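S.K.:
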Amino acid sequence: MRRAVVDEVHQRRTRAPKGFSRPHGALIELAAGRTLPSVEDASALIRSAIEHRMEGLLWRAFEEGQIALPSGLGRSLAVFHLEARRRHETMWDSIAVVTEILDHASIGFVVMKGVANEGRFYERIGDRSVGDLDIWIGPPDRGRFGEALRLLQPDHELGQTAQQLLDRKYLQSVDLVLPTGIVVDLHSNPFNWGMETKSAELMWNRRQTLTLPGRSAVQVLDVNATLALALIHLNLDGLAPLPGFLDVHRILKADGLSISDSMNLLRSEGLESHGWMTLSAVQTILGLNQDFHVPPSNSDWWWNLIWRKGTYPYTQVGSKWRRRGSSYAVRFTAKKRTIEALRHAGRRILRPIMTDL
973 MRRAVVDEVH QRRTRAPKGF SRPHGALIEL AAGRTLPSVE DASALIRSAI
1023 EHRMEGLLWR AFEEGQIALP SGLGRSLAVF HLEARRRHET MWDSIAVVTE
1073 ILDHASIGFV VMKGVANEGR FYERIGDRSV GDLDIWIGPP DRGRFGEALR
1123 LLQPDHELGQ TAQQLLDRKY LQSVDLVLPT GIVVDLHSNP FNWGMETKSA
1173 ELMWNRRQTL TLPGRSAVQV LDVNATLALA LIHLNLDGLA PLPGFLDVHR
1223 ILKADGLSIS DSMNLLRSEG LESHGWMTLS AVQTILGLNQ DFHVPPSNSD
1273 WWWNLIWRKG TYPYTQVGSK WRRRGSSYAV RFTAKKRTIE ALRHAGRRIL
1323 RPIMTDL
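Just so we're aligned, residue 973 is where the sequence shown starts under the working numbering, counting upward by one.
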């Protein structure tokens, strides 16, 4: 049963592996925070919103009178939104469960990405689509990753081998299912990109407490570390999912943000250029007024070409918003880390064998 839940979330997370259909133009305006244009085919807009996981904000626009929908389509959108709100409420309840279990065992963790970003940068629960709960076990307790997995799901198939696989660099994250039915993506590495994160200690030291009304306090990363994380995960996802653009756009408006500080974190990973290029892509695709000029040291024409061929989606021409082989592109274009990328590729080949041992 739990395996089926994991598979369902995994399919939702990786839907349309060869490419999303091109986002409806109104969704780009919605993601950028601009007034929605008039829409002739509302059903096409709703289909695109569901595919690109924008149904929460579209429902909000409908409630605020920015767009008119036929009653039948409005009800369909309401069903998706109410389902998302219910799932997100359960996720926040699940965070309390995780906190109780891991705090009792004195295992440190932070909540990352989806619900953490929604709680800080969005107006209400359900505005941002979230598929699972991302938990990072911090560097001080990396050696207890397997223990954390067993505590959260005692019957997990990797409960006895996860720590060994992690120590031998064949594994960085595991999907598990809580008793609440929520899938947790348990991370040992914040970037979860297959290679070691050299700035992990620096990012861990940037924890802060997030307290929402009626919710338990939870540890999250500060806004600068959160931006660095959002930029790299948007790269790893091939600059395809619109919620990634939404996150970056909203983080850029957060108090206390220092883009240079975020880039310093990425520089230690050899990913500073990825960060600048992604900011430029978000600005271009969403049509934002902010113009992020790539510093000269990060604008080599050859590297720019490789990055665009490896990760940049076709948004201006054609009919597909493509997902490329971007995770490999990110690893092999990280500066001065080619040998690590080659070693990771070898481990990817051996991982199925090691997992079965």
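Backbone N, C-alpha and C define an ideal beta-carbon position, used for all residues, glycine too.
Computed from a predicted structure; not experimentally measured.
Measuring only the C-alpha atoms, how far is A1313 from R1303?
M.R.: A1313 and R1303: Cα-Cα distance of roughly 6 Å.
S.K.: Ignore the nearest five residues each way along the sequence and tell me which others in A1088's own chain have a CB closer than 6 Å to its CB.
M.R.: So the list reads V1192, once near-sequence residues are dropped.
S.K.: Taking 8 Å as the cut-off, decide whether the C-beta atoms of S1188 and I1067 are in contact.
M.R.: Going by C-beta atoms, S1188 is nearer than 8 Å to I1067.
S.K.: If you run the structure through DSSP and keep just helix, strand and coil, what is F1081?
M.R.: Residue state, collapsed to three classes: strand.
S.K.: When the Cβ atoms of the segment 1001–1013 are set against those of the segment 1212–1223, are three or more pairs found closer than 8 Å?
M.R.: Result yes; three or more Cβ-Cβ pairs closer than 8 Å.
S.K.: Work out the CA separation of Q1255 and Q1262 for me, nearest whole Å.
M.R.: Whole-angstrom Cα-Cα distance: 7 Å.
S.K.: Let me check understanding here. Comparing Cα to Cα, which of D1104, G1028, T1133, G997 lies closest to T1062?
M.R.: Nearest of D1104, G1028, T1133, G997 to T1062, Cα basis: D1104.
S.K.: Hey, how far is the Cα of L1138 from the Cα of L1150?
M.R.: Whole-angstrom Cα-Cα distance: 21 Å.
S.K.: Could you give the distance in angstroms between the alpha-carbon of R1319 and the alpha-carbon of H1159?
M.R.: Answer to the nearest angstrom: the Cα atoms are 18 Å apart.
S.K.: Whose CA, out of I1204, P1213, L1229, A1226, lies closest to the CA of M1249?
M.R.: Here the closest residue by C-alpha is I1204.
S.K.: Are the segment 1121–1132 and the segment 1034–1050 in contact at 8 Å, needing three or more beta carbon pairs?
M.R.: The answer is no - the segment 1034–1050 does not touch the segment 1121–1132, with fewer than three Cβ pairs under 8 Å.
S.K.: What's the C-alpha gap between E1012 and L1211?
M.R.: Spanning the two alpha carbons is a distance of roughly 28 Å.
S.K.: Q1136 to E1119, Cα distance in whole Å?
M.R.: C-alpha separation (whole angstroms): 11 Å.
S.K.: Which of helix, strand or coil does DSSP assign to W1108?
M.R.: Note: W1108 maps to strand in three-state DSSP.
S.K.: At the level of alpha carbons, what is the spacing between I1073 and L1017?
M.R.: Distance between the alpha carbons of I1073 and L1017: 42 Å.
S.K.: Comparing C-alpha positions only, which one of F1034, L1214, E1095, E1173 sits nearest to R994?
M.R.: Checked all of F1034, L1214, E1095, E1173; the closest Cα to R994 is L1214.
S.K.: Going by Cα to Cα distance, which pick from H1024, T1198, I1109 is closest to S1230?
M.R.: Answer by Cα proximity: T1198.
S.K.: Let's see if you can read the secondary structure: which residues bound the alpha helix (DSSP H) around T1256?
M.R.: From DSSP, the alpha helix (DSSP H) with T1256 extends over 1244–1258.
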